[in-house]
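> Once you've had a glance at the structure underneath, I'll fire off some questions.
Numbering (the numbering used here), first residue to last: 34 to 118.
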């Protein structure tokens with residue numbers, strides 16, 4: 034798999050629990066891919082850096098691999114945390 038929609042990656046990796054919430058986060062400009070504003074349909078590739086802005090903080094993660102389905106306990110293997118505030 035070369036790329037995956039941003040909203041789907043956020044859900045599969047469990048950075049955001051639901052795809053509708055991930056879509057809303059993209060629509061409200063709380064998701065950046067490599068420093069650029071992401072749309073829900075923006076494509077994420079291995080090596081991309083995603084910045085996710087939560088209520089008071091933000092987390093930056095680097096995409097390690099893309100998989101369609103992952104067991105809950107293996108979701109964190111899809112990314113590595115680069116920075117956290």
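C-beta: ideal position from N, C-alpha, C; glycine also.
Is residue 77 close to the ligand NAD? I mean its beta-carbon at under 7 Å from any heavy atom of the ligand.
Annotation note on the ligand NAD: not contained in the displayed structure, which lists no ligands.
> Under the three-state reduction of DSSP, which class applies to residue 92: helix, strand or coil?
One-based indexing of the chain shown puts residue 92 at position 59. Reduced to three states, the DSSP call for residue 92 is strand.
> Excluding the 5 residues flanking residue 72 on each side, which residues of the same chain have their C-beta closer than 6 Å to its C-beta?
For the purposes of this step, residue 72 is taken as residue 39 along the chain shown, with counting starting at 1. Excluding residues within five positions, the ones whose Cβ falls inside 6 Å are 59.
> Run through the DSSP bridge pairs and tell me what residue 37 is partnered with.
Taking the chain shown and counting its residues from 1, one reaches residue 37 at position 4. BP columns for residue 37 point to 77.
> Exposed or buried, what is residue 37 when buried is set at 16 or more other beta-carbons lying within 10 Å of its beta-carbon?
For this step, residue 37 is matched to residue 4 along the chain shown. So residue 37 counts as buried.
> Taking the Cβ atom as the reference point for each residue, do residue 63 and residue 41 lie within a distance shorter than 8 Å?
For the purposes of this step, residue 63 is taken as residue 30 along the chain shown, with counting starting at 1. For the purposes of this step, residue 41 is taken as residue 8 along the chain shown, with counting starting at 1. Cβ distance not < 8 Å, so residue 63 and residue 41 don't count as in contact.
> Are there 16 or more other CB atoms within 10 angstroms of the CB of residue 66, so buried, or fewer, so exposed?
Position 33 of the chain shown, counted from the first residue, corresponds to residue 66. The residue in question, residue 66, is buried, as its Cβ has 16 or more Cβ neighbours within 10 Å.
> Between which residues of its own chain and residue 52 is the CB-CB distance below 7 Å, once the five residues before and five after are set aside?
Position 19 of the chain shown, counted from the first residue, corresponds to residue 52. Hits under 7 Å: 40, 41 and 44.
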